[in-house]
Amino acid sequence: MNRKEFDKAKTMEINWEQQKVISNPLRSRMIALLYEQPMTPKQTADLMGKNPGTIYYHIQQLVKHDILEVESTRTEKGIVEKFYRAKAMLFKNPDQISPEGHVDGRTSHIYLSEKLVDQLNKDIEALFYKYGHLSYEEKDHEEQSAYTVKFLIKEFSGEEEE
């Protein structure tokens with residue numbers, strides 16, 4: 119998905135149970151792939167290099183919790199193939215209370231190599247620099263408030279943080 123498509127990505131409101139279901143990195147990756155294009159469990163498993171049974175189980179959990187939906191069904195040589203699509207790419211739990219003073223925030227559960235972690239750090243540093251520079255340029259034209267921006271990469275422990 120390119121940046122323009124990501125910016126248009128639908129945000130879906132979810133509850134605590136749905137939040138727990140999507141917090142698994144494998145499921146997050148599946149949601150991202152199935153948001154881009156509908157696929158069968160077998161196609162998804164092949165693309166991800168995973169066991170089709172494992173992927174089927176996770177797809178069923180995501181369907182059960184209303185994160186994925188069947189977009190179309192096709193019968194091929196007597197075999198029914200269901201194509202699943204993610205209902206959204208971005209999720210927000212309106213019941214989640216942010217600590218006092220928090221303006222906004224995001225959490226993403228993704229797989230990264232050490233190389234990608236290093237690149238992500240460099241990209242975030244570049245963004246901090248960019249917005250520091252932009253804030254200086256607009257300081258005489260726009261009202262500004264002071265903010266603390268934090269960035270954290272933490273290994274996934276299997277437990278959802280609330």
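For reference, each letter of the sequence shown is one residue, going 119 to 280 in our numbering.
Don't be surprised by glycine CBs; every beta carbon is placed ideally from N, CA and C.
Exercise. Tell whether a beta-carbon distance below 8 Å holds between residue 146 and residue 242.
Key: no
Self-check item: Burial state of residue 274 (16 or more Cβ within 10 Å)
Solution: So residue 274 ends up on the exposed side.
Quiz item: Which whole-angstrom value is the C-beta distance of residue 205 and residue 129, which I expect to be below 8 Å?
Solution: That pair is no contact at about 11 Å.
Quiz item: What residue range is occupied by the uninterrupted beta strand (DSSP E) comprising residue 210?
Solution: 208-210
Quiz prompt | Three-way DSSP call (helix, strand, coil) for residue 181 in this model | solution = helix
Quiz item: Apart from the five residues just before and just after residue 278, which ones in its own chain have a Cβ nearer than 8 Å to its Cβ?
Solution: Any reading at residue 278 is ruled out, since the residue's pLDDT is 44, under 50, leaving its predicted position unreliable.
Quiz item: Assuming residue 208 and residue 152 make a contact with CB atoms under 8 Å, what is their CB distance in whole Å?
Solution: No, residue 208 and residue 152 are not in contact; Cβ-Cβ is about 14 Å, not under 8 Å.
Self-check item: residue 253 (DSSP reduced to helix, strand or coil)
Solution: helix
Quiz item: Helix, strand or coil for residue 202 per DSSP?
Solution: Strand at residue 202.
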